[in-house]
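With our numbering, the residue at position 100 of the sequence shown is 127, and numbering never jumps. Note that beta-carbon positions come from the ideal geometry of N, C-alpha and C, so glycine has one too. Here the structure is a predicted model, which means the values were calculated and not measured.
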Amino acid sequence: MNILFVGDIFGSPGRKIVREHVHHVVESNKVELLVMNAENSAGGFGVTPAIAEELFELGADVLTTGNHVWDKKEIIEYFNSANGDAKAQARRVLRPANYPAGTPGFGSYEGTTKSGVPYGVLNLQGRVFMATNDDPFRVADRLVAAMKAKVILVDIHAEATSEKMALGHYLDGRVTAVLGTHTHVPTADECVLPNGTAYQTDVGMSGPYDSIIGVEKEMVLKRFLTNMPGKFEAAKNDPRMAAALIECDATSGRASSIKRLMLGQ
Ligand SMILES: [Fe+2]
Ligand SMILES: [Fe+2]
């Protein structure tokens, strides 16, 4: 079976380019599981319930996020509205699983594809150069072991290449794919690890590439040159959809291939 994972969707340019491409990629590859990282889908910062539902309408089965998950306050109420009900749409929006106990929302999800294949999605956040959360390695141990599904996709939202690669090897043979997000720059290291886990350090951003990681260049430059606070806005030009297409065995969950996708206008 084929799985498509769409990297960090950034603002309306990101949503628009995903809308333009996702259907034909899903159809031509018979994709059965579609996961998108939505942490920047609302103007570059966070995700709103309305935007989450817009992405579900595009066919997303599960949405992952990352450190920007709390930028839009409405998401907290949305998380709480699901109240753990696996059938609720809000339950299929994840925040990193290794946030402190008691944080609203859930970090993993288990469902079944239209053709009846059980799957799991796990969202984790790194700790290197990021906020201090629980150990993503031990949290992964616990949550992967608890999953009934064999087809398991892990989104490791992290800054450091080494931490993501370490998690890939740590989970090799236990999950279908370990895919990195957060840096917004796709890496050319996609591979299937020795025990059958597909891996890519960063899938890259689905958003405006004429930017500094999605934001208008002048605004980011001003921040670096002055160290003063200022507004950040999503850039507009050169939108591209970055994604990873993974082929795996639906019974064992082991991956046989991973392909890097980058689709522009
Ligand atoms: Fe992001
Ligand atoms: Fe991020």
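(message) For residue 212, would you say it is in contact with chain D, using Cβ-to-Cβ distances shorter than 8 Å as the test?
(response) In the structure shown, chain D cannot be found, because there is only a single protein chain.
(message) Let's see if you can read the secondary structure: which residues bound the alpha helix (DSSP H) around residue 75?
(response) Position 48 of the sequence shown, counting from 1, holds the residue named residue 75. Segment: none, residue 75 is in no alpha helix (DSSP H) and carries neither H nor E.
(message) For the region 67-80 against the region 89-103, do three or more pairs of beta-carbon atoms, one drawn from each stretch, fall closer than 8 Å, so that the two count as touching?
(response) These segments touch.
(message) Starting from residue 182, trace the alpha helix (DSSP H) in both directions and tell me its first and last residue.
(response) Working through the sequence shown from its first residue, we reach residue 182 at position 155. Not the alpha helix (DSSP H): residue 182 falls in the beta strand (DSSP E), residues 178-184.
(message) Does the contact criterion of 3 or more C-beta pairs under 8 Å hold for the region 268-280 versus the region 178-186?
(response) Yes, the region 268-280 is in contact with the region 178-186.
(message) Whole angstroms are fine: how far does the CA of residue 28 sit from the CA of residue 219?
(response) Indexing the sequence shown from 1 puts residue 219 at position 192. Indexing the sequence shown from 1 puts residue 28 at position 1. When rounded, the distance between both Cα atoms is 15 Å.
(message) Can you check which of these residues, 209, 204 and 50, is closest to residue 217 by C-alpha distance?
(response) On the sequence shown, position 190 is the one that residue 217 refers to. Ranking the options by Cα distance to residue 217, first place goes to 204.
(request) Look up residue 170 in the DSSP assignment and give the residues it is bridged to. (result) Within the sequence shown, numbered from 1, the residue matching residue 170 stands at position 143. In the DSSP output, where bridge partners are listed per residue, residue 170 has none listed.
(request) Check whether the Cβ atoms of residue 90 and residue 49 lie closer than 8 Å to each other. (result) The sequence position of residue 90 within the sequence shown is 63, counting from 1. The sequence position of residue 49 within the sequence shown is 22, counting from 1. No, Cβ-Cβ distance for residue 90 and residue 49 is not below 8 Å.
(request) Could you say which of 118, 129 and 155 lies nearest to residue 149 if we only look at CA atoms? (result) Residue mapping note: residue 149 aligns to position 122 of the sequence shown, counting from 1. Ranking 118, 129 and 155 by Cα distance to residue 149 puts 118 first.
(request) Have a look at residue 222 and residue 235 and give me their C-alpha separation to the nearest angstrom. (result) Locating residue 222 in the sequence shown gives position 195, counting from the first residue. Locating residue 235 in the sequence shown gives position 208, counting from the first residue. Near 35 Å, if we compare the C-alpha coordinates of residue 235 and residue 222.
(request) Return the CA-CA distance between residue 142 and residue 185, expressed in angstroms with no decimal places. (result) Here residue 142 refers to the residue found at position 115 when the sequence shown is read from its first residue. Here residue 185 refers to the residue found at position 158 when the sequence shown is read from its first residue. Spanning the two alpha carbons is a distance of roughly 32 Å.
(request) Consult DSSP for residue 103 and reduce its assignment to one of helix, strand or coil. (result) The sequence position of residue 103 within the sequence shown is 76, counting from 1. Residue 103 falls in the helix class under three-state DSSP.
(request) Output the boundary residues of the alpha helix (DSSP H) element that contains residue 131. (result) As a first step, residue 131 is located in the sequence shown; it is residue number 104 there, counting from the start. Note, residue 131: premise wrong, no alpha helix (DSSP H); not H, not E.
(request) Could you please give the first and the last residue of the uninterrupted alpha helix (DSSP H) stretch that includes residue 188? (result) For the purposes of this step, residue 188 is identified with residue 161 of the sequence shown, where counting begins at 1. Looking at the DSSP string, the run of the alpha helix (DSSP H) that includes residue 188 is 188-198.
(message) Would you say the beta carbon of residue 6 is closer than 7 Å to some non-hydrogen atom of ligand 2?
(response) This structure cannot settle anything about residue 6, because the visible part of the chain is limited to 28 through 292.
(message) With DSSP as the reference, identify every bridge partner of residue 61, one or two as the case may be.
(response) Within the sequence shown, numbered from 1, the residue matching residue 61 stands at position 34. 31.
(request) Look at the alpha carbon of residue 78 and the alpha carbon of residue 102, and state the distance between them as a whole number of angstroms. (result) To locate residue 78, count along the sequence shown from 1; it is residue 51. To locate residue 102, count along the sequence shown from 1; it is residue 75. The straight-line gap from Cα to Cα measures roughly 10 Å.
(message) For residue 237, which residues in the same chain have their Cβ closer than 7 Å to its Cβ, ignoring the five residues on either side in sequence?
(response) The sequence position of residue 237 within the sequence shown is 210, counting from 1. Cβ within range, chain order: 262, 264 and 265.
(request) Identify every residue that forms a DSSP beta bridge with residue 256. (result) As a position in the sequence shown, residue 256 is number 229, starting the count at 1. DSSP lists no partner for residue 256.
(request) Please determine, among 123, 202, 67 and 88, the residue with the shortest C-alpha to C-alpha distance to residue 158. (result) Mapped onto the sequence shown, residue 158 falls at position 131. It is 123.
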